[in-house]
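What follows is one structure encoded as C-alpha cells, with my remarks underneath.
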Amino acid sequence: MGRHRPSLYSAAVATPSIASSSKVDPVAIIGASGALGFGLALRLARTGVPIVIGSRDAERAADTAKRAHELVPDASFTGLDNGDAARAAEVVFLSVPFRNQSETLTNLKKALIPGQLLIDATVPLAAAVSGKATRMLGVWQGSAAQQALEMAPDGVHVVSALHTISAASLSDPEHPLNQDVLVCGDSRAQKRRAAKVIERIDGLRCVDCGKLEMARTTESLTALLISVNTRYKIHTGIHLTGLPTDLWE
Ligand SMILES: NC(=O)c1ccc[n+]([C@@H]2O[C@H](COP(=O)([O-])OP(=O)(O)OC[C@H]3O[C@@H](n4cnc5c(N)ncnc54)[C@H](OP(=O)(O)O)[C@@H]3O)[C@@H](O)[C@H]2O)c1
C-alpha cells in the first residue's frame, strides 16, 4: 500500500509468538474499548486474527489489550491510539457511538489510505442525543455508513455490517451466535472481503443486502431488536430464511 506502517507489535500487550508466526492479517478495531468492539475483538482473536485495539487514548488501548489478553491468552492483541491502529491493518472496523463517528473519522483522515476497507457498525440511534434507543436519527447522507463514506479519504472502501449483532452475545463465548450479519456496500468484492473476516466467527453468516444506501434500513433494525430485547429480556439477532447455501460465490 505504499506507506510505512508502524510495527504492529511495538506497543502494549501482544503475544509475539503468535503474532510473528501468524499468517493471518491483523484487523484494527476503532472503539474496541467499548461494548461491541471488545466483543468483536475477543471473537475474532479466538479464530487466530491478530487484533489491533484502537482508542482515542493509547493507555486505554493498552489496558483494553491487556484485558482482552487475559480472556483469550493464546491470541494477539495490540493497543494503539486510533490513528496508529488504523495504520496497522488493511481492514478497519469502526465501532463508536454515532455522536462521535464524524469526529473519529475526521481524526482518521490522515491515517486511512486508499485500498483499506472500513467496516462501519455505527447505528444512528436517537440515544446518541439523549433520545430513545428504539428511535432512529435522520442522517443527512441517508445512513451512518453513507456519512462514513463521505468522510473517509478517497479510495477507502466502506462497507456497513454488524448492526444487528449484540455486544453482549459477542462478549459471551458460551453464547451460540447462529445469526446473520447484514452487509451493505457499493462493491461486491469489498463486501466479500468483509464477509471473509466476519465469517471467521463461528455462527455468523454474512448476507449481501445490497448497496451502501441499504444501510439506512439495516441500521434501523437495531432499534427494532432493542425493542424486542426489552420485552423478552434477551439479546436477539436476525436470521434470514430461504437463502442459498453459498452466498458469496
Ligand atoms: N452495543 C451493541 O450491542 C451494538 C450492536 C450493534 C451496533 N452497535 C453500534 O456500534 C457502535 C459502538 O457501540 P458500543 O456499544 O460499543 O459503544 P460504546 O461502548 O459506547 O463506545 C465504543 C467506544 O467508542 C469510543 N468513543 C469515541 N468517542 C467517544 C465519546 N465521545 N464518548 C464515548 N465513547 C467514545 C470509546 O473508545 P475510546 O474511549 O477508547 O476511544 C468507546 O469505548 C455504536 O454506533 C452502536 O450503535 C452497538
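Take the position in the sequence shown, starting the count at 1, then add 393; the result is the number in the numbering used here.
Just so it is clear, CB atoms sit at the ideal spot from N, CA and C, and this is done for glycine as well.
Computed from a prediction, not measured in an experiment: that's the story for all the values here.
Among residues of its own chain, excluding the 5 on either side of residue i, which ones have a beta-carbon nearer than 6 Å to its beta-carbon?
| i | result |
| --- | --- |
| Arg-586 | Leu-510 |
| Val-489 | Gly-424 and Thr-497 |
| Arg-598 | Asp-573 |
Spatial neighbours of residue i within its chain, please: C-beta separation below 7 Å, excluding the five flanking residues on both sides.
| i | result |
| --- | --- |
| Leu-605 | Ala-538, Gln-539, Leu-542, Val-551, Ser-553, Cys-577, Gly-578 and Asp-579 |
| Leu-498 | Ala-541, Met-544 and Ala-545 |
| Ala-479 | Ala-421, Ile-423, Gly-447, Val-485, Leu-501, Ala-504 and Leu-505 |
| Gly-548 | Pro-507 and Gly-508 |
To the nearest angstrom, report how far apart residue i and residue j are at their CA atoms.
| i | j | result |
| --- | --- | --- |
| Thr-610 | Leu-575 | 10 Å |
| Met-607 | Ala-561 | 25 Å |
| Ile-627 | Asp-565 | 13 Å |
| Ala-458 | Arg-449 | 14 Å |
| Arg-439 | Ala-482 | 18 Å |
| Arg-436 | Lys-416 | 18 Å |
| Ala-520 | His-556 | 15 Å |
| Arg-624 | Val-442 | 36 Å |
| Glu-592 | Leu-614 | 20 Å |
| Ser-410 | His-462 | Interpretation of Ser-410 is limited by its pLDDT of 38, a score under 50 that renders its predicted location unreliable; no figure is taken from the coordinates. |
In this structure, does DSSP put residue i in helix, strand or coil?
| i | result |
| --- | --- |
| Gly-578 | strand |
| Thr-638 | coil |
| Gly-472 | strand |
| Ala-421 | strand |
| Ile-446 | strand |
| His-632 | coil |
| His-556 | coil |
| Arg-598 | strand |
| Asp-513 | strand |
| Leu-518 | strand |
Hey, residue i and residue j are a contact pair by Cβ (cut 8 Å); roughly how many whole angstroms apart?
| i | j | result |
| --- | --- | --- |
| Ile-506 | Leu-487 | Not quite, the Cβ-Cβ distance comes to about 15 Å (not below 8 Å), so this is no contact. |
| Asp-474 | Ala-451 | 4 Å |
| Ala-454 | Ser-426 | 7 Å |
| Glu-612 | Pro-517 | 6 Å |
| Leu-633 | Asp-595 | Not a contact, Cβ separation roughly 18 Å. |
Does the distance from the CB of residue i to the CB of residue j come in under 8 Å?
| i | j | result |
| --- | --- | --- |
| Gln-583 | Gly-630 | no |
| Ser-469 | Ile-444 | yes |
| Val-600 | Leu-640 | yes |
| Ala-514 | Leu-429 | yes |
| Thr-471 | Ser-620 | no |
With hydrogens ignored, establish whether the beta-carbon of residue i is closer than 7 Å to any heavy atom of ligand 2.
| i | result |
| --- | --- |
| Pro-443 | Inclusion of ligand 2 in the displayed structure is not the case, the ligand content consisting of ligand 1 alone. |
Going by beta carbon distance, what residues of the same chain come within less than 8 Å of residue i, once the five residues before and after it are set aside?
| i | result |
| --- | --- |
| Val-522 | Arg-492 and Leu-530 |
| Gly-524 | Leu-518 and Leu-530 |
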